[in-house]
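S.K.: This is the structure, below, for whatever I ask next.
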Amino acid sequence: MHGKPDESSRPEGAVPTPAVPSRRQAVSAPPARPGAAWPKQAQAALRALACAGLLGGSSLLVLPHTAVAADASAPSPGAAAPAQKPLYNVELDAPKDLQTLLTANLDLLRWRDFPGLPRDQIERLAEEAPAQAQRLLAAEGYFSPQIRVRIDCPDAAPITVVLSVTPGEPTLVQTVDLQVAGPDGKPDAALSERLSRTWALKPGAVFRDAEWEAAKSKALSALLAGRWPAARLVDSRAAIDPATRQARLELRLDTGAPYVFGGLKITGLQRYPASIAERLAPMRPGQPYSQSALLDYQAALQNSPYFRDALVDADLRQAQGDVVPVDVQVSENRAQKLSFGVGVSSDTGQRVQADWRDLDFLDRAWRLSSSIKLQTREQSGSLRLAFPRTALGYEDSLSLSQDRTDISGLTTRNSSIGAQRARTRRNIDTALAVQYQAESLQPLGAASSALHALSLNYSWTRRDINSVLYPSRGTLINLQLGGASKALLSSANFIRLYARGLGYVPLDRSNQLIFRAEAGAVLANGASGVPQNFLFRAGGANSVRGYAYQSL
Numbered sequence: 001m002h003g004k005p006d007e008s009s010r011p012e013g014a015v016p017t018p019a020v021p022s023r024r025q026a027v028s029a030p031p032a033r034p035g036a037a038w039p040k041q042a043q044a045a046l047r048a049l050a051c052a053g054l055l056g057g058s059s060l061l062v063l064p065h066t067a068v069a070a071d072a073s074a075p076s077p078g079a080a081a082p083a084q085k086p087l088y089n090v091e092l093d094a095p096k097d098l099q100t101l102l103t104a105n106l107d108l109l110r111w112r113d114f115p116g117l118p119r120d121q122i123e124r125l126a127e128e129a130p131a132q133a134q135r136l137l138a139a140e141g142y143f144s145p146q147i148r149v150r151i152d153c154p155d156a157a158p159i160t161v162v163l164s165v166t167p168g169e170p171t172l173v174q175t176v177d178l179q180v181a182g183p184d185g186k187p188d189a190a191l192s193e194r195l196s197r198t199w200a201l202k203p204g205a206v207f208r209d210a211e212w213e214a215a216k217s218k219a220l221s222a223l224l225a226g227r228w229p230a231a232r233l234v235d236s237r238a239a240i241d242p243a244t245r246q247a248r249l250e251l252r253l254d255t256g257a258p259y260v261f262g263g264l265k266i267t268g269l270q271r272y273p274a275s276i277a278e279r280l281a282p283m284r285p286g287q288p289y290s291q292s293a294l295l296d297y298q299a300a301l302q303n304s305p306y307f308r309d310a311l312v313d314a315d316l317r318q319a320q321g322d323v324v325p326v327d328v329q330v331s332e333n334r335a336q337k338l339s340f341g342v343g344v345s346s347d348t349g350q351r352v353q354a355d356w357r358d359l360d361f362l363d364r365a366w367r368l369s370s371s372i373k374l375q376t377r378e379q380s381g382s383l384r385l386a387f388p389r390t391a392l393g394y395e396d397s398l399s400l401s402q403d404r405t406d407i408s409g410l411t412t413r414n415s416s417i418g419a420q421r422a423r424t425r426r427n428i429d430t431a432l433a434v435q436y437q438a439e440s441l442q443p444l445g446a447a448s449s450a451l452h453a454l455s456l457n458y459s460w461t462r463r464d465i466n467s468v469l470y471p472s473r474g475t476l477i478n479l480q481l482g483g484a485s486k487a488l489l490s491s492a493n494f495i496r497l498y499a500r501g502l503g504y505v506p507l508d509r510s511n512q513l514i515f516r517a518e519a520g521a522v523l524a525n526g527a528s529g530v531p532q533n534f535l536f537r538a539g540g541a542n543s544v545r546g547y548a549y550q551s552l
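Numbered according to my numbering, the sequence shown spans residues 1 to 552.
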C-alpha cells in the first residue's frame with residue numbers, strides 16, 4: 001500500500017506516489033559511468049552477455065530499476081553538434097497513448113540523437129530506462145507495469161535498444177473522503193457536501209497524478225472564490241494498493257475565518273471624481289467577502305470608458321478584525337480623442353468617418369461623443385451626451401441624430417432626438433428609451449411622404465458568457481419591445497417585437513462555433529406610417545446573399 005500525502009503534511013508512515021517529471025524540465029546530462037550501482041566486474045559481465053554474440057544472435061537483458069546521478073560535466077544535448085547518424089537506435093514497444101509521454105521524458109530516447117556517447121553510457125541509459133518509465137507510468141495510474149530492455153549489438157554501429165512496456169491495468173479511484181472544517185475547527189457538513197458534488201476525480205475514474213493535483217486545486221479555489229479568503233489545504237493523501245489497483249483519496253480543507261468587505265481605497269485618479277469608480281463596485285461595506293465580486297469589479301472598471309486599466313485586490317494583511325479593505329488602482333484614459341477612418345463596403349459603398357470623444361465635458365465627467373459618417377448610399381451625423389452612473393446604478397444619456405439613405409430606389413431622411421436610462425445588474429442589462437423622430441420618404445418616380453413617431457422602447461439582455469470582450473463559451477440573449485400610438489404624436493399605431501440569440505461553443509483552443517438566431521415582427525395596419533428603422537429589411541453581404549442591400 002502506498003500513500004501520496006502533501007509534502008507539508010504527510011501522515012506518518014505514508015509513502016508518496018512517485019512524482020511526475022516535468023515535461024519542460026531542462027534535459028539532464030548524459031549519465032555517468034556506472035560505478036556506485038554496479039561493480040566494475042558485474043558491468044563487464046553484463047556487457048559481455050549482452051554484446052558477445054556467442055550464438056550469432058542477440059541476448060535478452062533485463063536491467064534493474066536503479067537510478068544513478070548524472071555527470072554534471074557532460075555536454076548538454078542542446079549544444080551544437082555536427083549532424084551524423086545516432087550511435088544507437090531505440091525501438092519502443094508501448095501502447096500508443098503512452099508513447100508520447102515516454103518519448104518526451106525518457107533519457108534513453110532524448111539522448112539518442114546526440115553524437116559521441118560512449119557505449120557504456122548508452123548501456124547506462126538503457127539500465128535507467130525501466131525505473132524512469134515506472135515513475136512516469138505511476139503518474140498515469142499504472143502501478144504494476146512490466147518493463148523489459150533488450151540490447152541488440154550488431155557488428156556495425158548503431159546498436160539497437162528495445163524497450164518493451166506493458167502497463168497493465170490502471171489504478172482506479174475507489175473512495176473519496178473530502179472533509180471541510182469551518183471557522184470553529186469543526187466539520188462543516190454542508191460545505192463538505194457541496195465540494196463533494198463538484199469533485200473532479202470521481203470514484204471509478206483512473207487515478208492520475210496531474211488530475212489528483214488539479215482536483216485538489218479546484219476544491220481549494222472554490223472556497224477561496226467564495227467568502228473564505230483564508231482557506232487552506234490542511235492534508236491530502238492518495239493511498240494506492242498496487243495489488244488491487246485501487247486508490248483511496250483523502251482531502252482535508254480548512255475555511256479559516258470569514259471576512260467582510262470594508263471601504264474602497266482608490267488610487268490613480270487625477271481627472272475624475274472618486275464616485276466614478278465607486279459606483280461601479282458590485283460590493284458594499286459589510287457584505288461577505290467574495291473573490292468573484294472583486295473580479296466583477298475589476299472587469300467593470302476595465303470596461304468603463306474612463307479607465308485604460310484597473311487592478312482590484314483585497315489584502316488580508318490589512319484587515320481590521322474581519323473587515324478587509326478593497327484596494328483599487330486605476331489608470332485613466334485620455335479625456336479627449338479625435339479619430340478618422342476610411343473604408344469600403346459592398347453594401348453601402350465608400351466610407352469616410354470622423355469621431356470625437358470628450359470624457360470630461362464641462363469638467364463634470366460627462367461623456368460627449370459625436371460622429372460624422374459619409375458613405376455612398378448612407379450619410380449620418382450623431383451627437384450623444386452620457387452622464388456618470390448614479391448612486392442607484394442608472395446611466396442616463398441624451399442623443400440627437402440625422403440620417404440620409406438612398407437604397408433600392410428609396411431616399412430617406414430621418415431626424416431624431418431621444419433619452420435613455422440603462423442599468424446593469426451582474427449579467428443582466430436593461431434599457432428604457434423614449435425617442436421622437438421625423439422622417440421623409442422619396443420613392444423613385446413617386447410622390448414623397450412624411451411621417452413622425454414618438455416611441456417607447458425597452459431592451460433586456462442576458463449575458464452568460466466567459467468574457468465580455470472575447471467570448472468563446474456561453475450564450476447571449478436580447479429581447480426588445482417598442483411601439484407608438486397615433487394618440488401621442490405618431491403617424492400610426494404599431495408594436496415592434498424583436499429577439500436575438502447567440503451561442504458560443506469552443507472546439508479547441510483556437511476554434512469555436514458561433515450560432516445566431518433572430519426573429520422580429522411589426523404589428524401594424526400596413527407599413528405606411530411606420531418609420532423605416534422600425535421595419536425589418538434583409539439582403540446584402542451580411543444578410544441574404546444574392547440580393548441587393550436591404551432590398552427585401
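We put the beta carbon where it would ideally sit given N, CA and C, even for glycine.
Taking all protein chains shown into account, decide if K216 is buried (16 or more other Cβ within 10 angstroms of its Cβ) or exposed.
M.R.: Looking at its Cβ environment, which holds 16 or more other Cβ atoms inside 10 Å, K216 is buried.
S.K.: Grab me the residues of S459's own chain with a C-beta within less than 6 Å of its C-beta, minus the 5 sequence neighbours each way, in chain order.
M.R.: Excluding residues within five positions, the ones whose Cβ falls inside 6 Å are A431 and Q480.
S.K.: Go through its chain and collect everything with a Cβ distance to P187's Cβ below 8 Å, but skip five positions before and after it.
M.R.: Once the five neighbours on either side are set aside, the close Cβ partners of P187 are Q179, V180 and A181.
S.K.: Taking all protein chains shown into account, do 16 or more other C-beta atoms lie within 10 angstroms of the C-beta of S221, making it buried, or fewer, making it exposed?
M.R.: Answer is exposed; the Cβ neighbour count stays below 16.
S.K.: For the candidate residues R119, G286, L253 and A438, whose alpha-carbon lies nearest to that of L191?
M.R.: Out of R119, G286, L253 and A438, L253 has the C-alpha closest to the C-alpha of L191.
S.K.: Which whole runs of the alpha helix (DSSP H) in the stretch 417–466 are 4 residues long or more, in chain order?
M.R.: None, since the stretch 417–466 contains no complete alpha helix (DSSP H) of that length.
S.K.: Among the residues of its own chain, which have a CB less than 6 Å from the CB of Q532, if the five just before and after it don't count?
M.R.: Excluding sequence neighbours, Q532 sits near T412.
S.K.: For L223 and T424, I'd like the C-alpha separation in whole angstroms.
M.R.: Rounded to the nearest angstrom, the two C-alpha atoms are 27 Å apart.
S.K.: Counting C-beta neighbours from all protein chains within 10 Å, is the total for N414 16 or more, i.e. buried, or is it exposed?
M.R.: Buried, since its Cβ has 16 or more Cβ neighbours within 10 Å.
S.K.: Within a Cβ cutoff of 6 Å, which residues of the same chain sit near F534, ignoring the five residues on either side of it in sequence?
M.R.: Contacts found: R496.
S.K.: Which of helix, strand or coil does DSSP assign to P130?
M.R.: P130: helix per DSSP, three-state reduction.
S.K.: Going residue by residue through the stretch 228–290, where are the continuous beta strand (DSSP E) segments of at least 3 residues, counting only ones entirely within it?
M.R.: Fully enclosed beta strand (DSSP E) runs of 3 or longer: 232–241, 246–254 and 260–267.
S.K.: With L106 and A94 assumed to form a contact (beta carbons below 8 Å), what rounded beta-carbon distance in angstroms separates them?
M.R.: With 8 Å as the limit, L106 and A94 do not qualify as a contact, their Cβ atoms being about 10 Å apart.
S.K.: With DSSP as the reference, label L191 as helix, strand or coil.
M.R.: Of the three classes helix, strand and coil, the one that applies to L191 here is helix, per DSSP.
S.K.: Going by beta carbon distance, what residues of the same chain come within less than 7 Å of L513, once the five residues before and after it are set aside?
M.R.: Cβ neighbours of L513 beyond the five flanking positions: V505 and L507.
S.K.: Applying the criterion that 16 or more other CB atoms from any shown protein chain within 10 Å of the CB defines a buried residue, is T255 buried or exposed?
M.R.: With 16 or more other Cβ atoms within 10 Å, it is buried.
S.K.: For F536, which residues in the same chain have their Cβ closer than 6 Å to its Cβ, ignoring the five residues on either side in sequence?
M.R.: Result list for F536: G520, in chain order.
S.K.: Is it buried or exposed for Q435, if we count other Cβ within 10 angstroms and need 16 for buried?
M.R.: Result: buried.
S.K.: Would DSSP call E123 helix, strand or coil?
M.R.: Note: E123 maps to helix in three-state DSSP.
S.K.: Taking F387 as the reference, which of A219, P305, P118 and L410 has the closest Cα?
M.R.: Closest option to F387, Cα to Cα, is P305.
S.K.: Alpha carbon to alpha carbon, how far is S416 from G526? Give it in angstroms, no decimals.
M.R.: If you take the alpha carbons of G526 and S416, they lie about 22 Å apart.
S.K.: How many Å lie between A319 and Q291 at the Cα?
M.R.: Approximately 15 Å between the Cα atoms of the pair.
S.K.: Given a cut-off of 8 Å, decide if A257 and A230 are closer than it, judged by their beta-carbon atoms.
M.R.: Closer than 8 Å, so yes.
S.K.: Using DSSP's beta-bridge definition, name the partner residues of F494.
M.R.: Its beta-bridge partners are A484 and A524.
S.K.: Quick one: Cα of G349 to Cα of Q442, how far?
M.R.: Answer to the nearest angstrom: the Cα atoms are 21 Å apart.
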